[in-house]
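Residue numbers (my numbering): 1 to 182.
Positions of the beta carbon are idealized from the N, C-alpha and C atoms, including for glycine.
Remarks on the structure that follows.
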């Protein structure tokens, strides 16, 4: 954790620099949204026909809607980013902004590349009942994804703590310094 003005997080002058806070916000937004998009896309939107063909390039679909989540999972597993369950409001806030955008897009007469007035069939504001259910379900889904990320980070941290005791770095004549002493 990066701190400014002191080395103890409990010091009054110690606080995270603005760029660390900004990074933390972006990682708290990107991770659960990446997992949510992958699950939502492959359950509801992937149009794979009986012949195995997709309406869009399958390789592009895989990179946009699967590889992104795999990279985010790898980032969570190899980093030490703290994740808090109560930070669910960041990805939900971005989803609310996106919902407002889809409403403006629809009622301003925007057209998708397929010539429809909606971006995704589930966000068709001509059918507001279904769309509101999808929006509320998506907000719940994002909260569940945040909980999943918290569980993954707790497991990562527990694994890290269990492995630390066996690690030592012999850098002085006084004997090895354990990782916990650093």
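Legend entry - As assigned by DSSP and simplified to three states, the class of residue 156: helix
Inset, instruction - Measure the alpha-carbon distance for residue 27 versus residue 58 and round it to whole angstroms. - result: 27 Å
Legend entry - CB contact flag (residue 150, residue 83, <9 Å): Taking 9 Å as the Cβ cut-off, residue 150 and residue 83 qualify as a contacting pair.
Inset, instruction - Grab me the residues of residue 162's own chain with a C-beta within less than 7 Å of its C-beta, minus the 5 sequence neighbours each way, in chain order. - result: none
Legend entry - Straight-line gap, residue 64 to residue 74 (C-alpha atoms, nearest Å): Distance between the alpha carbons of residue 64 and residue 74 is about 16 Å.
Inset, instruction - Leaving aside the five residues before and after residue 99 along the sequence, list all residues of the same chain whose C-beta is less than 7 Å from its C-beta, in chain order. - result: These residues qualify, in order along the chain: 135.
Inset, instruction - For residue 107, collect the residues of the same chain with a Cβ closer than 6 Å to its Cβ; drop the 5 residues on either side in sequence, then sort them by chain order. - result: none
Legend entry - Residue interval of the alpha helix (DSSP H) (run including residue 96): 89-107
Legend entry - residue 78 burial status per 10 Å Cβ neighbour count (16 or more: buried): Exposed, because fewer than 16 other Cβ atoms sit within 10 Å of the Cβ of residue 78.
Inset, instruction - Spell out a yes or no on whether the segment 105-119 and the segment 32-51 are touching, meaning 3 or more CB-CB pairs, one atom from each, closer than 8 Å. - result: no
Inset, instruction - Look at the Cβ atom of residue 68, then the Cβ atom of residue 46, and state whether they are nearer than 9 Å. - result: no
Legend entry - Proximity to residue 40 [Cα-Cα], best of 128, 160, 123: 123
Legend entry - CB of residue 138 within 9 Å of CB of residue 125, strictly: no
Legend entry - Exposed unless 16 or more other CB atoms sit within 10 angstroms - verdict on residue 95: buried
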